[in-house]
Amino acid sequence: MVETQNALEMVVLRHEVEQYLFKEARLLDERRLEEWLDLLAEDLHYWMPMRRNVKFGDWDLEFTSMDEEINWFDEGKDILAGRIRQLNTGVHWPEEPVSRFEHIISNVELVSVEGDEIRVNSKFFCYQNRLQDEVNQFVGRREDLLRRDPDTGFKLVFRKLILAQNVMLPKVLNTFL
Amino acid sequence: MVAIIRARGDRSIRDYIDPERGTVSRELYVNPDIFEQEMEQIFQRCWLFLGHESQIPNPGDFIISRMGTEEVIVVRDRKDNQIRAFLNSCRHRGMKVVRYDQGNALIFTCPFHAWTYDTTGRLVGAGFQHSPEAYCGTLPKEQWGLAEVAQFKNFYGSLWATWDPKAPSFEEYLGPFTESLRHCLQASDGTDAGLDMFTPFQRHRLPTNWKVPGFTSVTDLTHTAMTHRSAAAARLHQDRGSKGGRDRARQATPFPMSKYAIGDHNLGHGGMCTLYHQNGVPEYEEEWYEAGVDDYFREATARKAELLADKIMAPHGWGGGHFAIFPSVMVDSWRLRWWQPHSVGVVERWTLSGVDKTAPKHVRDAVRHYSERFNGPVGFFESDDMENWNYVFPASQGARARKLDYYFANGKGLGKYNDRLPGVVFNGSYTEEAQRARFSRWLAFMEAASWDDLYPVNKAADHRIW
């Protein structure tokens, strides 16, 4: 935390950041995916590493490397836009009929403020309910970098998603976390 | 003949397949007794894929892989540098010895009673082994090493094993597909064993029977237009990069080749196949989304063309197509995808993608990113497959539904043998020849008392049922 920020400014900033994160979750749940896409910076890096079972202390091995290895997601806004086009075709079968997603965002924690860039951590719980009885839960943490934006308040520049799974247990992950 | 576990009623297992009508009973996909029998008759006998040597480059490196429903430790020995595979089950009480996905080990110590094994699987110690109040030094350690696979093969970097000492050699098991697999493990310039695989395995669960994806997707071109409508509608092929040959019409002089669906009914392998009718290789024609990637592959393809100037390229799957090795491995020219059964209604999908060992960073990244967005549970293309493969199972499982049959007669009777791949039936690309070949081989395994009844140990065996 930057020392010179006064406490009130930080409370206001935290509130603004929370509102951004909550709006993002709501747009996903309301299937307003193109509006969600507008909240992302053009140079976004969206990364979800896989997580290995490793020996205690071998923590550098736990997450797959962004540079060398296979990740669940490691892409930019262009690829996410393609995913949204696919979700909006109406013939993307694992989302036809569409799921009932509920994204719950909590534990919002401001990490640092540098100029117009804010590092913020949060947790997600995403409940998926589909057809009659298809239920999946995606739970984990996020490490985000937000940039102030005149139109949307903030834009997401970088997101690391730390999903609490090893083998992906659901057959498909078709939302954004 | 071993006694086949009778499923329901008193029909023998052969009665579940009707070669005349070209049908397979759904019972074979939903019955837990059949599943148990498959694990014994098929997964205990076949050569199964374990991984790739590039995943464990250093002495002591290990990964956990699977053979059917069971875990195996694949480890490179510290002294002789050889790779071996062992059942991940302590010989004392059966605890999982290793619970890490990968690592580097001097020894493996079981967390239960400290039975300890070296990287050749030998038992080298146990808790209280010398205690006068316990083993008194009498533990016959030489007899209690980890259970090692009966046969192991490093085939151009790809690692395979079988539990059955009577299984034929890996090359005999592959038969006419040996050169096809070798080709797929080459770098794009034709260098043998030329791939580095991206770690780790991509793994996810799918609630269905393993044969739904494992047998259906060996060749299934009739699914593409419907299942993958969304990818086409969203123009994901066009502007997201496509690895694999596409529009042949763009070539000034089309390279003479023919495409088929093929199936080897005796060996069970098959899939999509291109036969090349001229020496050399077709002109490079992919279009990668990422900049500079085409330049690399174009140059590599030119080197490969020189290498094969006087030689016809081995038949292999074409474009995004693949061929498949019995029982459940799909092979492309850069990627292996396979199915690990967990139970009658749960399968786990594993993927290992690779790139030329000598590829520069931007090419490695492009191939890696393509693999990430194509494959598995977040893949543009495969997520659509998962939905269909999933709901086949509950919709086939009910008391009424399971009495019905699946239709496998697409192209039945139209296939022909071809001297280019002896013993293999060639049929139209959109036929289900490879799927039928799977069931010919499946039935042979399910009925066989041992490898003595099975081709190619029994050279005279003819397993083709349709």
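Listed in order, the protein sequences are those of chains A and B.
In short: position in the first sequence from 1, add 10, done, that's the numbering used here.
In short: position in the second sequence from 1, add 25, done, that's the numbering used here.
Note that CB positions come from ideal geometry on N, CA and C, so glycine has one too.
Small disclaimer: the values here were computed from a predicted structure and weren't measured.
Since residue i meets chain A, which of its residues come closer than 8 Å, beta carbon to beta carbon?
i	result
D126 of chain B	R62, N63, V64, N176
L261 of chain B	G92, R95, Q96
S378 of chain B	I80
P232 of chain B	K181
N83 of chain B	None at all; the shortest Cβ gap to chain A is about 13 Å.
E373 of chain B	V177
For a test of the three-state rule: what should DSSP assign to residue i, helix, strand or coil?
i	result
K166 of chain B	helix
V167 of chain A	strand
T299 of chain B	strand
E119 of chain A	strand
V182 of chain A	coil
F133 of chain B	strand
G305 of chain B	strand
A17 of chain A	helix
G266 of chain B	Because G266 of chain B sits at a pLDDT of 44, beneath the cut-off of 50, its placement in the model cannot be relied upon, and the point is left open.
D40 of chain B	helix
S156 of chain B	coil
V449 of chain B	coil
G379 of chain B	strand
E310 of chain B	coil
D189 of chain B	coil
R273 of chain B	Because the pLDDT of R273 of chain B is 39, which lies under 50, any placement of that residue in the model is unreliable, and the question is left without a value.
V388 of chain B	helix
V22 of chain A	helix
I523 of chain B	As displayed, chain B neither begins before 26 nor continues past 491, which places residue 523 of chain B out of reach and without an answer.
E40 of chain A	coil
V27 of chain B	Note that V27 of chain B scores 42 on pLDDT, short of 50, meaning its location in the model is unreliable; the coordinates nonetheless yield the value given after this. V27 of chain B: coil per DSSP, three-state reduction.
S109 of chain A	coil
Q66 of chain B	helix
Residues of chain B with CB under 8 Å from residue i, in chain order?
i	result
L49 of chain A	Within 8 Å Cβ-Cβ: nothing; L49 of chain A doesn't reach chain B, min ~20 Å.
T99 of chain A	R254, S255, A258, A259
Residue range of the alpha helix (DSSP H) that residue i falls in?
i	result
Q62 of chain B	57 to 63
R95 of chain A	87 to 97
L332 of chain B	318 to 332
E96 of chain B	Per DSSP, E96 of chain B belongs to no alpha helix (DSSP H); it is in the beta strand (DSSP E), 95 to 101.
N413 of chain B	407 to 422
T203 of chain B	203 to 209
M282 of chain B	It is not in any alpha helix (DSSP H) - M282 of chain B instead sits in the beta strand (DSSP E) that spans 282 to 288.
L199 of chain B	195 to 199
W57 of chain A	Taken as a continuous stretch (DSSP letters only), W57 of chain A belongs to no alpha helix (DSSP H), being part of the beta strand (DSSP E) at 50 to 58.
E472 of chain B	458 to 472
Measuring CA to CA, which of the options is closest to residue i?
i	options	result
G438 of chain B	B:Y41, B:R46, B:I42, B:K336	B:R46
P160 of chain A	A:D77, A:D48, A:W69	A:D48
R91 of chain B	B:E407, B:T187, B:A339	B:T187
A339 of chain B	B:R51, B:P201, B:L164, B:E373	B:P201
E144 of chain A	A:E106, A:W46, A:I172	A:E106
F223 of chain B	A:T99, A:I128, A:V121, A:S75	A:S75
V243 of chain B	B:G146, B:D335, B:P352, B:E204	B:P352
L492 of chain B	B:K236, B:G152, B:V237, B:G182	The question about residue 492 of chain B has no answer, for chain B in this structure spans 26 to 491.
H113 of chain A	A:W69, A:N184, A:Q138	A:Q138
Q1 of chain B	B:P281, B:Y480, B:L164	Because chain B spans 26 through 491 in this model, residue 1 of chain B falls outside it and cannot be assessed.
P59 of chain A	A:S132, A:D126, A:D84	A:D84
D43 of chain B	B:R445, B:D478, B:L429	B:L429
L31 of chain A	A:L155, A:Q175, A:L173, A:A174	A:L155
L183 of chain A	B:W169, B:L231, B:Q168, B:N179	B:L231
Along chain A, in chain order, which residues have C-beta atoms closer than 9 Å to that of residue i?
i	result
Q227 of chain B	M60, I80, W82, M178
T383 of chain B	Correct list: empty, because the minimum Cβ distance to chain A is about 16 Å.
What does residue i touch in chain B if you count any residue whose Cβ is under 7 Å from its own?
i	result
L183 of chain A	P402, V403
What is the C-beta distance between residue i and residue j, in whole angstroms, given that I count them as a contact (C-beta under 8 Å)?
i	j	result
R118 of chain B	V177 of chain A	Rounded, the Cβ-Cβ distance is 25 Å, inconsistent with contact.
A459 of chain B	I287 of chain B	6 Å
S255 of chain B	H55 of chain A	That pair is no contact at about 25 Å.
I80 of chain A	E197 of chain B	In fact, because the Cβ distance is near 33 Å, the residues do not count as touching under 8 Å.
K441 of chain B	L220 of chain B	That pair is no contact at about 33 Å.
W364 of chain B	D189 of chain B	Between D189 of chain B and W364 of chain B the Cβ distance is about 20 Å, and since that is not below 8 Å, they are no contact.
V372 of chain B	P238 of chain B	7 Å
S213 of chain B	F322 of chain B	6 Å
The beta strand (DSSP E) that contains residue i, what's its start and end?
i	result
S368 of chain B	360 to 368
L148 of chain B	148 to 150
T252 of chain B	Segment 249 to 252 is the alpha helix (DSSP H) holding T252 of chain B; no beta strand (DSSP E) there.
E127 of chain A	127 to 140
T48 of chain B	48 to 50
Just to make sure I have the definition right: I need the residues of chain A whose C-beta is within less than 7 Å of the C-beta of residue i. Which are they?
i	result
D409 of chain B	H102, W103, P104
E96 of chain B	Within 7 Å Cβ-Cβ: nothing; E96 of chain B doesn't reach chain A, min ~12 Å.
N415 of chain B	K181
Can you name the residues of chain B whose CB is closer than 9 Å to the CB of residue i?
i	result
E85 of chain A	H394, E397, R398
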